[in-house]
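Notes for the one structure printed next.
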Amino acid sequence: MKRDIRSLLASALVSLAAAGCAERAPGVTRAPAQRAGNATTLSGLEATVTVTSDRLGIPTIRAASRQDALRALGLITARDRMFQMDLLRRSSGGRLAEILGRGLLEADIRQRQFGVPQAATAILARLPESQRAALDAYAEGVNAYLRSPEALPVEFQKLGYRPEPWRPEDSVLVVLGMFNALSESEDIERTQTVLTQSLPKGVMPFLLESVDPYTRSLLGAQDIAPPPLPAEALRTLVAQGRKERKERPPGPPSRRVLSEDAGEAPIGSNGWAVAGKRTRDGRAILANDMHLQLGVPNIWYRAELRYGEREVAGVVLPGVPVVIVGTNRHVAWGLTSLLGDVMDLVRIETLPERPGEYRTPDGWKRFDVAQETIKVRGEPDATVTVRSTIWGPVAARPLLGAPVAIRWTALDPEGVDIGLLEMDRVRSVDDAVAVMSAAGGPGCNVLLADRAGRVAWTVTGRMPRRRGFDGSVSVSWADGRAGWDGYLAPATLPRVVDPPSGFIVNANHRMPLGEGAPVLGHDYVNGYRAYRITERLREARQVAEADMFQLQLDTRAEFFGFYRDLALRALTEEAVSKRPALAEARRAVAAWDGRADVSSVGLPLLVRFRRVLADDVFAAWLGPNRAAEPDLELALPDIDTPLQRVLDTHARSADLVPAPAGGWDAFVLAALEKATTAVKQENGGRPLDQLEWGAVSRVRIAHPLGASPELAALLNMPDEPLAGCGFCVRLAVHAVAASERLVVSPGHEQDGILHMPAGQSGDPRSPHYRDQQRAWVDGRPLPLLAGPAEHTITLVPERR
1 MKRDIRSLLA
11 SALVSLAAAG
21 CAERAPGVTR
31 APAQRAGNAT
41 TLSGLEATVT
51 VTSDRLGIPT
61 IRAASRQDAL
71 RALGLITARD
81 RMFQMDLLRR
91 SSGGRLAEIL
101 GRGLLEADIR
111 QRQFGVPQAA
121 TAILARLPES
131 QRAALDAYAE
141 GVNAYLRSPE
151 ALPVEFQKLG
161 YRPEPWRPED
171 SVLVVLGMFN
181 ALSESEDIER
191 TQTVLTQSLP
201 KGVMPFLLES
211 VDPYTRSLLG
221 AQDIAPPPLP
231 AEALRTLVAQ
241 GRKERKERPP
251 GPPSRRVLSE
261 DAGEAPIGSN
271 GWAVAGKRTR
281 DGRAILANDM
291 HLQLGVPNIW
301 YRAELRYGER
311 EVAGVVLPGV
321 PVVIVGTNRH
331 VAWGLTSLLG
341 DVMDLVRIET
351 LPERPGEYRT
361 PDGWKRFDVA
371 QETIKVRGEP
381 DATVTVRSTI
391 WGPVAARPLL
401 GAPVAIRWTA
411 LDPEGVDIGL
421 LEMDRVRSVD
431 DAVAVMSAAG
441 GPGCNVLLAD
451 RAGRVAWTVT
461 GRMPRRRGFD
471 GSVSVSWADG
481 RAGWDGYLAP
491 ATLPRVVDPP
501 SGFIVNANHR
511 MPLGEGAPVL
521 GHDYVNGYRA
531 YRITERLREA
541 RQVAEADMFQ
551 LQLDTRAEFF
561 GFYRDLALRA
571 LTEEAVSKRP
581 ALAEARRAVA
591 AWDGRADVSS
601 VGLPLLVRFR
611 RVLADDVFAA
621 WLGPNRAAEP
631 DLELALPDID
641 TPLQRVLDTH
651 ARSADLVPAP
661 AGGWDAFVLA
671 ALEKATTAVK
681 QENGGRPLDQ
691 LEWGAVSRVR
701 IAHPLGASPE
711 LAALLNMPDE
721 PLAGCGFCVR
731 LAVHAVAASE
741 RLVVSPGHEQ
751 DGILHMPAGQ
761 SGDPRSPHYR
771 DQQRAWVDGR
781 PLPLLAGPAE
791 HTITLVPERR
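Sequential numbering from 1 applies to the sequence shown in this note's numbering.
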């Protein structure tokens, strides 16, 4: 399971604060920038730039050229988010321990072993001149802020260090950090490799069915039969596990089989585009909400840029001079995670008699070996040995006893660029499809709408062209029969333009690719969110932006209806008479309203009931087959499709699940009892039929320093109930939720909607630190475009 960098940061920062590391390091103060009357000079500017900010601190940059606009964007973003930008580049480049201590050393080692800093340098060297110029201009703006007389953000003062000048390669490092969030699939490939080798024939197709019932409905693929239920193999696995548990000596409980987020897949997004023929006045409307792990400050920064004849509004990623989702008044674009397969674990063939070498299609080669030095705050430097192959770096962990190399688009200089920069010039969905399909960012679905009322979908990011294997499991490339032959040509990537339905939806599910289309991935999420959005859009007529925003807030959670019905079938009068503690559970489940509103009763129990069932069943099926990788927590993208097939009334059989002596009903009732006990313990013993969803689903958006009780109230967003769930259109689970909500029609930006958690500023002393939070929690729209100017900055070129 991926490391939660935010939690690591929090613990490290709190430890430093507790240890009294608030001393001021030499050089923390900065030299003042040059002034020119009431204006500020900015190196490299070609002409005067004006930056105005509205009541929410949203900047509008007016410049004569793109380069000048990006210089100003760098300065303004750094003013509001410099500590966040510094953490983003350090996290990706493996330099967190240098300022935060040993607690972040493991995360740094991983990035150094992957060779991320070297990849960033190589990627920068291959970028087109226009993209390199954009990064140079942005860096000039950031560094102008670092030379300004303003006090450094409080985090730098507390930690006692001064940020280094911003380099163009730092922006590439931030881009690679998003690759890590959206396209790193090492755990999934490890899971599939281990299970493919260890499970009986027929079990893997059953576990990894690529089309769940909701997606099957969306694809119109009712004639595609699911893989056979491998009943005999599952019975054997359950019996084997039961025997092993009986023979196992007493000791600590076994490690969990499923990773904590298996089957949840909350890192993703919703996106849809509605054509003009389905709206009130013929305008096309785009809606996009990106689901990411939340923190303070928010991952996105709102901005408007106007230069020459171009106007772009939306959100940028601090550290990168690109509007990630937004509009240019002709075309609007939104993104969702593609979940494409752009990483492979290459099994490396070695021999004891040839130490230091590995087999390749061109014979035996020596590993490239380098030493990486990592600075650790308050301790001696750490030295890490890094080995590399012709395919990529050697992973720290072997797989099934053999070393594996990481072949990943993110580490390939040919696989990464900032081609989204060119979205400022597109004038139609056709132009936008061409730009997006040629761009080299993290793999994403792209939803598009244009001023003519048209809509489209395509994908962005480099997609490997594989030979000899499908990428789902680790194989050897040593004989040359398996490998990558570059990337798919942009023109071959799938696309849908102006569909007859009048709308296009993606919620990280498998899209209809058409016959002969290239395989882009294997591990799509359950299609319930996409099904629910499609269901609502089919019913809708003459829609406007407000309707699309309300759909983003939809809390219908009928996904859990299967588990409600399963529970109620088991909770008969007879069963409850024998287990009185379950009477409360029956009342709670029966009272559920089918939604994930803060007032919904019964959902806390159903969510835990589902997880107990999954943990127990998958432990019985998969637990005995992990001897070669006992510490691996299995990452499965969709646990519900196989789980529900076995739990369905038409397939019920006690020997397919770890049922106790009482048989099938006893198994279900035992899971309910376990879930009931856990939920009551975690909620102070409150009666389940009075426990509302808002007691469980809460906003917990924390600053890295906010784990300290005395700082939590100052730095964190308020801890309060939040509607939504892990399978709702309004996704909310753990610390993952909509990092922004955008609704816009190109050419009608004045009616657009955009809101996000927290606020523009990363400074807790700023009025813009949390002034968008209330609207985000309440589901209240805020305007996309900045309002009247309340503050103005004029930037002028240096005199030569």
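For each residue, glycine too, the CB sits at the ideal point set by N, CA and C. These numbers were taken from a predicted model, which means no experiment stands behind them.
If we ignore side chains and look at the alpha-carbon of each, how far apart do residue i and residue j end up?
i	j	result
Gln131	Ser65	14 Å
Ile793	Arg71	13 Å
Gly276	Gly527	26 Å
Pro781	Ala225	43 Å
Thr350	Asp485	24 Å
Ala31	Val142	With a pLDDT of 35 at Ala31, under the threshold of 50, the modelled position of this residue cannot be trusted; read the value that follows with caution. So the two alpha carbons sit approximately 15 Å from each other.
Pro361	Gly401	22 Å
Arg799	Ala144	15 Å
Leu305	Ile58	11 Å
Thr385	Pro355	16 Å
Gln773	His703	14 Å
Glu574	Leu731	37 Å
Arg90	Ala654	52 Å
Pro514	Asp86	Before going further, note that residue 514 is Gly rather than Pro in the sequence given. The straight-line gap from Cα to Cα measures roughly 44 Å.
Gly480	Gly419	32 Å
Pro26	Ala47	Note that Pro26 scores 34 on pLDDT, short of 50, meaning its location in the model is unreliable; the coordinates nonetheless yield the value given after this. So the two alpha carbons sit approximately 36 Å from each other.
Pro228	Val525	21 Å
Ile299	Val322	14 Å
Arg283	Val543	10 Å
Pro783	Asp751	7 Å
Gly84	Ala125	The identity of residue 84 in the sequence shown is Gln, whereas the question assumes Gly. C-alpha separation (whole angstroms): 25 Å.
One question on the structure: do residue i and residue j come within less than 8 Å of each other, judged by their Cβ atoms?
i	j	result
Arg55	Glu749	no
Pro163	Met82	yes
Thr193	Val473	yes
Pro490	Ala438	yes
Pro746	Arg278	no
Gly807	Val315	Coverage of the chain is limited to positions 1 through 800, which leaves residue 807 absent and any answer about it impossible.
Asp523	Ile188	yes
Val426	Ala456	no
Pro233	Gly202	It is Ala, not Pro, that sits at residue 233 in the sequence shown. Yes, the Cβ-Cβ distance between Ala233 and Gly202 is below 8 Å.
Leu715	Pro764	yes
Asp341	Gly471	yes
Pro604	Val699	no
Starting from residue i, follow the beta strand (DSSP E) in both directions and report where the run begins and ends.
i	result
Arg359	357 to 360
Ser337	331 to 337
Leu448	444 to 450
Pro59	59 to 63
Tyr487	483 to 487
Arg827	In the structure as shown, the chain begins at 1 and stops at 800. Residue 827 is therefore absent and cannot be evaluated.
Asp381	379 to 388
Val274	268 to 274
Thr40	39 to 41
Glu304	301 to 307
Ser739	736 to 744
Gly506	At residue 506 the sequence reads Asn, which differs from the Gly that was named. First-last of the beta strand (DSSP E) with Asn506: 503 to 506.
The alpha helix (DSSP H) with residue i in it runs from where to where?
i	result
Glu169	168 to 183
Ala530	528 to 539
Glu682	664 to 682
Ile285	Careful: Ile285 lies outside any alpha helix (DSSP H), inside the beta strand (DSSP E) at 285 to 293.
Val576	573 to 578
Compute the beta-carbon to beta-carbon distance between residue i and residue j, rounded to the nearest angstrom, for a pair I have assumed lies under 8 Å.
i	j	result
Val729	Ala332	That belief does not hold up - the Cβ atoms of Val729 and Ala332 are roughly 20 Å apart, past 8 Å.
Ser185	Met343	5 Å
Glu692	Val598	6 Å
Gly440	Arg462	5 Å
Ala287	Ile504	Not a contact, Cβ separation roughly 11 Å.
Pro165	Leu146	6 Å
Leu551	Arg536	5 Å
Val346	Ala382	Going by Cβ atoms, the distance from Val346 to Ala382 rounds to 27 Å, so no, they are not a contact pair.
Look up residue i in the DSSP assignment and give the residues it is bridged to.
i	result
Thr792	Thr52
Val394	Ala405
Leu345	Ile406
Val369	Arg387
Trp457	Leu447, Val496
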